[in-house]
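Data first, discussion second: the structure below is written as structure tokens.
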Amino acid sequence: MPINVAVIGAGSWGTTVAALAAANTPTVLWARRPALAEQINTQHVNADYLAAFTLPEALRATSDLAEAVAFADVLVMAVPSHGYRDVAAEAAPHLRPWVPVVTLSKGLERSSRKRMSEVTRDEMPGHPVAVLTGP
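Be aware that the sequence shown starts at 98, since it is given in my numbering, and climbs by one per residue.
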């Protein structure tokens, strides 16, 4: 049975991780802007961040955060630290119990000086939290 992955954030890092996941399992990528989600779905490219990279046809994008989160057996958060808490709080009510949350986001929350893993625990209590770092 495949594991459904939802990646929240369609920047270069989120799009790259979503493309890698989509090669192996059903994956949805949340883009804040509907036009970007449409571009990913129809042209299989994220011209804003990875213009030279063709995305897998299996990768599906949406601008509906609730839809993306409800799909997830694993939730991957790739949102910049300055907007991370707001997106996590908006996503939390749609997240099924015990779904693991993987954060890709670097940096600290300016107001609290918390890491994104700590912000995730604040906003999504009871969910296993992991951190994936990269470039």
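We put the beta carbon where it would ideally sit given N, CA and C, even for glycine.
Given the structure is predicted, the values throughout are model-derived calculations rather than measurements.
Under the three-state reduction of DSSP, LEU162 is assigned to helix. Residues LEU133 of the same chain have their beta carbon placed closer than 7 Å to that of ASP145, with the five preceding and five following residues left out of the count.
Under the three-state reduction of DSSP output, VAL199 falls in the strand class. Per DSSP, reduced to three states, the secondary structure at THR151 is coil, with no helix or strand assignment. Per the coordinates, the alpha-carbon of ALA155 lies some 18 Å from the alpha-carbon of SER109. Between the beta-carbon of GLU220 and that of ARG182 there is about 6 Å, and that keeps the pair under the 8 Å contact cut. Sorting ALA128, PRO99 and GLN136 by C-alpha distance to the C-alpha of ALA118 places PRO99 at the top. Of the candidates MET174, VAL102, GLY111 and THR124, GLY111 places its Cα closest to the Cα of LEU147. Across the structure, HIS179 and ASN121 are spaced so that their CA atoms are roughly 31 Å apart. The distance from the Cβ of VAL125 to that of ALA165 is about 5 Å, consistent with a contact at the 8 Å cut-off. In the structure shown, the three-state DSSP call for MET213 is helix.
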